[in-house]
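K.L.:
If you're matching positions, the sequence shown starts at 62 in this note's numbering and goes up one per residue.
This is the structure I want to talk about, given as structure tokens.
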Amino acid sequence: MTNYKTILAIESSCDETAAAILEQVDGSIKLLSSVVASSLQLQAKFGGVIPEQAAREQLKSIIPVISEALEIADKKIDQIDAIAVTQGPGLIGSLLVGVETAKTLATIWQKPLIPINHLIGHFYANWIEQSSAVSPQITVNTKLVAENRELKAESYSVPTFPAVGLLVSGGHTDLVYFKSASDYQYLGGTRDDAAGECFDKSARLLGLPYPGGPEIAKRAILGNPKHFNLPVPMLHSGDYDFSFSGLKTAVANLVKTVDLDDQTVNDIAATLQDTISAVLVKKAIQAVKDKQASCLMVAGGVAANQYLAAELQYQANRDHIPFYIPPAQYCTDNAAMIGAAAFFHPPVSSIFDVEANPNLGF
Ligand code: KG4
Ligand code: ZN
């Protein structure tokens, strides 16, 4: 871990503008504030993210969000030791707003700047001390996307290396082997759609609003996962890859053959959630065993799904694998995870060499 005590973090990779203040106390990472402004209501209206509109919303929100994060944390600028920012991947217009703001503030305030890969950042939500994570997450424009998972108030317990990480988000479904915080290896991932994309596209076919993941989760509670049959893609492929576009097509074909009444939508939602969870659980657990990792950690918006979390937890317990998943509100995009990651990454030597990178990978 770096020696910084207090970090201001900024995240603006897609349609959320977020800032957070985190503090390192005796080796644990406490969250002092986490503010997220989302243009979700706009996205819901158009059924998805429109990049130019998302960037415009980022510009409007970025300064108010940073000010609010400082205010809630009761920190003055001279109490901030470093600034962290999401460098990529994401939408270029959105990323630029966060990166250029962070560079400007770091220059004016004379603070070190720590660029963070958004994908890696997601995993570090698992390092936020959970008792501090209950501090209210204020949303500026809209309400929280994710449902609240009950927070554990137990002692600070974080993943240990080597770890296997499963990232499940709107754009990614990846398995990554972490030898250490800075030494990681991509094991496999989706060959087409991401798990979140499959939730979103299937929800649209079922007539549910965007983003589809939380809607499917809500409907699935009332559905029977065994009423319909959907193919479990690549369940036995023997590698760490996934494929979800065929599953979405199977939902499209199924929808054509049924009457989409409420119960049918619930049943299809439950089947879809169960099918996606089955393949994620199987491959993640297999990766931990193959790599002899000391734990499994999960991250990304889809990890906010309670059913998936419960299935992963159940299988990990059965196989005696320590399992880590962040509170649901820190699974979807936020700046707290970017700040937590920054405690494990060095600052750049030249601030103006940092550039937003929409295609940054593992
Ligand atoms: O990580 P994230 O907030 O943004 C990206 O970096 O992509 O993930 C967003 C994805 C969306 O596809 C959304 O539908 C999905 O996460 N999601 C969920 C749930 N909450 C969000 N999927 C399933 N169940 C949920 N409860
Ligand atoms: Zn994300």
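Note that beta-carbon positions come from the ideal geometry of N, C-alpha and C, so glycine has one too.
Please work out which residues of its chain come closer than 6 Å, Cβ to Cβ, to Val-96, disregarding the five sequence neighbours upstream and downstream, and give them in chain order.
P.N.:
For this step, residue 96 is matched to residue 35 along the sequence shown. Only residues of its own chain outside the window of five on either side were considered, and among them Ala-80, Val-126, Glu-129, Ala-130, Ile-199 have a CB closer than 6 Å to the CB of Val-96, listed in chain order.
K.L.:
Looking only at its chain, what residues have a beta carbon closer than 7 Å to the beta carbon of Met-343, apart from the 5 residues adjacent to it on each side?
P.N.:
The count along the sequence shown starts at 1 and reaches residue 343 at position 282. At residue 343 the sequence reads Lys, which differs from the Met that was named. Result list for Lys-343: Leu-296, in chain order.
K.L.:
Quick one: grab the DSSP three-state call for Leu-180.
P.N.:
Numbered from its first residue, the sequence shown carries residue 180 at position 119. Note: Leu-180 maps to helix in three-state DSSP.
K.L.:
My output table needs one value for Ile-412: the three-state DSSP class, helix, strand or coil.
P.N.:
By one-based count along the sequence shown, residue 412 stands at place 351. Three-state DSSP puts Ile-412 in a helix.
K.L.:
With DSSP collapsed to three states, give me the class of Thr-393.
P.N.:
Taking the sequence shown and counting its residues from 1, the one referred to as residue 393 is at position 332. Residue state, collapsed to three classes: coil.
K.L.:
Out of Val-160, Gly-273, Ile-412, state which residue places its alpha-carbon closest to the alpha-carbon of Val-363.
P.N.:
Indexing the sequence shown from 1 puts residue 363 at position 302. Here the closest residue by C-alpha is Gly-273.
K.L.:
For the ligand ZN, which residues count as neighbours when the test is a C-beta closer than 5 Å to any heavy atom?
P.N.:
Summarising the contact set, residues whose Cβ lies nearer than 5 Å to any heavy atom of the ligand ZN are, in chain order, Ser-230, Asp-394.
K.L.:
Can Pro-387 be considered in contact with the ligand KG4, in the sense that its beta carbon sits closer than 7 Å to one or more heavy atoms?
P.N.:
As a first step, residue 387 is located in the sequence shown; it is residue number 326 there, counting from the start. Outside the cutoff, so no.
K.L.:
Nearest to Ala-348 by alpha carbon, out of Ile-82, Pro-223, Ala-281, Tyr-391?
P.N.:
Counting from 1 along the sequence shown, the entry for residue 348 is found at position 287. The shortest Cα separation from Ala-348 among Ile-82, Pro-223, Ala-281, Tyr-391 belongs to Pro-223.
K.L.:
Determine which residues share a DSSP beta bridge with Glu-77 and list them.
P.N.:
Position 16 of the sequence shown, counted from the start, is the residue given in the question as residue 77. Partner(s): Ser-99.
K.L.:
With which residues is Met-358 paired in a DSSP beta bridge?
P.N.:
By 1-based counting over the sequence shown, the position of residue 358 is 297. Answer by DSSP bridge pairing, in chain order: Gly-226, Tyr-385.
K.L.:
Please state if the CB of Gly-257 and the CB of Ser-218 are separated by a distance shorter than 8 Å.
P.N.:
Mapped onto the sequence shown, residue 218 falls at position 157. Mapped onto the sequence shown, residue 257 falls at position 196. No, they are not a contact pair.
K.L.:
Compare the C-alpha of Phe-239 against each of His-233, Gly-232, Leu-248 and name the closest.
P.N.:
By 1-based counting over the sequence shown, the position of residue 239 is 178. Out of His-233, Gly-232, Leu-248, Leu-248 has the C-alpha closest to the C-alpha of Phe-239.
K.L.:
Could you pull the start and end residues of the beta strand (DSSP E) that Val-319 belongs to?
P.N.:
Translated into the one-based positions of the sequence shown, residue 319 becomes position 258. Run containing Val-319: none; DSSP gives neither H nor E here.
K.L.:
Would Val-316 and Leu-283 be called neighbours here (beta carbons separated by less than 8 Å)?
P.N.:
Numbered from 1 along the sequence shown, position 255 holds the residue referred to as residue 316. Numbered from 1 along the sequence shown, position 222 holds the residue referred to as residue 283. In this structure, Val-316 lies away from Leu-283, with their beta-carbon atoms at least 8 Å apart.
K.L.:
Tell me the DSSP secondary structure of Ser-428 in three-state form.
P.N.:
The first residue shown for the chain is 62 and the last is 423, placing residue 428 beyond what the model contains.
K.L.:
Are Ala-115 and Leu-156 closer than 8 Å when you measure CB to CB?
P.N.:
For the purposes of this step, residue 115 is taken as the residue at position 54 of the sequence shown. For the purposes of this step, residue 156 is taken as the residue at position 95 of the sequence shown. For Ala-115 and Leu-156, no; Cβs fall outside 8 Å.
K.L.:
Just confirm the distance between the C-beta atoms of Gln-148 and Val-160, as a whole number of angstroms; I'd bet it's less than 8 Å.
P.N.:
Taking the sequence shown and counting its residues from 1, the one referred to as residue 148 is at position 87. Taking the sequence shown and counting its residues from 1, the one referred to as residue 160 is at position 99. Indeed, because the Cβ distance is near 6 Å, the residues count as touching under 8 Å.
K.L.:
So does Asn-418 have its beta carbon nearer than 7 Å to some heavy atom of the ligand KG4?
P.N.:
Along the sequence shown, read from residue 1 onward, the residue named residue 418 stands at position 357. Every heavy atom of the ligand KG4 is 7 Å or more from the Cβ of Asn-418, so no.
K.L.:
Could you tell me if Asn-64 is buried or exposed, where buried requires 16 or more neighbouring beta carbons within 10 angstroms of its beta carbon?
P.N.:
Along the sequence shown, one-based indexing puts residue 64 at 3. Exposed.
K.L.:
Rounded to the nearest angstrom, what separates Gln-85 and Glu-416 at their Cα positions?
P.N.:
Translated into positions along the sequence shown, residue 85 becomes position 24. Translated into positions along the sequence shown, residue 416 becomes position 355. The alpha-carbon atoms of Gln-85 and Glu-416 are separated by roughly 27 Å.
K.L.:
Check whether the Cβ of Ala-278 sits closer than 7 Å to any heavy atom of the ligand KG4, and report yes or no.
P.N.:
Along the sequence shown, read from residue 1 onward, the residue named residue 278 stands at position 217. Correct: Ala-278 has its Cβ closer than 7 Å to the ligand KG4.
K.L.:
Nearest to Leu-228 by CA position, among Ser-100, Ile-124, Thr-168, Gly-182, is which residue?
P.N.:
Position 167 of the sequence shown holds residue 228. Comparing Cα positions, the closest option is Gly-182.
K.L.:
Within the present structure, is the beta-carbon of Gly-361 separated from the nearest heavy atom of the ligand KG4 by less than 7 Å?
P.N.:
Here the question's residue 361 lines up with position 300 in the sequence shown. Result yes, Cβ under 7 Å from the ligand KG4.
K.L.:
Lys-262: buried (16+ other C-beta within 10 angstroms of its C-beta) or exposed?
P.N.:
By 1-based counting over the sequence shown, the position of residue 262 is 201. A residue is called buried when at least 16 other Cβ atoms come within 10 angstroms of its Cβ; Lys-262 meets this threshold and is buried.
K.L.:
Residues bridged to Glu-72 by DSSP?
P.N.:
Residue numbering aside, residue 72 sits at position 11 when the sequence shown is read from its first letter. For Glu-72, which the question treats as bridged, DSSP gives the partners Ala-79.
K.L.:
Assign His-406 to buried or exposed, taking buried as 16 or more other Cβ atoms, counted over all protein chains shown, within 10 Å of its Cβ.
P.N.:
The residue given as residue 406 occupies position 345 in the sequence shown. That one is buried.
K.L.:
To the nearest angstrom, how far is the alpha carbon of Leu-369 from that of Glu-190?
P.N.:
Against the sequence shown, residue 369 aligns to sequence position 308. Against the sequence shown, residue 190 aligns to sequence position 129. Cα to Cα, the separation comes out at about 22 Å.
K.L.:
Between Asp-261 and the ligand KG4, is there a pair consisting of the residue's CB and a ligand heavy atom that are separated by less than 7 Å?
P.N.:
The count along the sequence shown starts at 1 and reaches residue 261 at position 200. Checking the Cβ of Asp-261 against the ligand KG4 gives yes.
K.L.:
Locate the beta strand (DSSP E) running through Arg-236, then write down its first and last residues.
P.N.:
Position 175 of the sequence shown holds residue 236. First, the amino acid is wrong: residue 236 is Leu here, not Arg. Unbroken beta strand (DSSP E) run through Leu-236: 234–239.
K.L.:
Run the CB neighbour count on Asn-290, radius 10 Å, all protein chains shown included, and call it buried at 16 or more, exposed below.
P.N.:
Position 229 of the sequence shown holds residue 290. Exposed, since its Cβ has fewer than 16 Cβ neighbours within 10 Å.
K.L.:
Thinking C-beta only, is Ser-73 closer than 8 Å to Gln-119?
P.N.:
Position 58 of the sequence shown, counting from 1, holds the residue named residue 119. Position 12 of the sequence shown, counting from 1, holds the residue named residue 73. When the beta-carbon positions are compared, Gln-119 and Ser-73 come within less than 8 Å of each other.
K.L.:
Alpha helix (DSSP H) containing Thr-168: first to last residue?
P.N.:
In the sequence shown, residue 168 corresponds to position 107, counting from 1. Looking at the DSSP string, the run of the alpha helix (DSSP H) that includes Thr-168 is 153–170.
K.L.:
If I'm right that Ala-70 touches Ile-399 with Cβ under 8 Å, what's the distance once you round it to whole angstroms?
P.N.:
The sequence position of residue 70 within the sequence shown is 9, counting from 1. The sequence position of residue 399 within the sequence shown is 338, counting from 1. 4 Å between Cβ atoms; contact.
K.L.:
Could you check how far apart the C-beta atoms of Ile-144 and Leu-166 are, in whole angstroms? I think they sit under 8 Å.
P.N.:
Here residue 144 corresponds to residue number 83 of the sequence shown, with the count starting at 1. Here residue 166 corresponds to residue number 105 of the sequence shown, with the count starting at 1. The C-beta separation of Ile-144 from Leu-166 comes to about 6 Å, placing the pair in contact by the 8 Å criterion.
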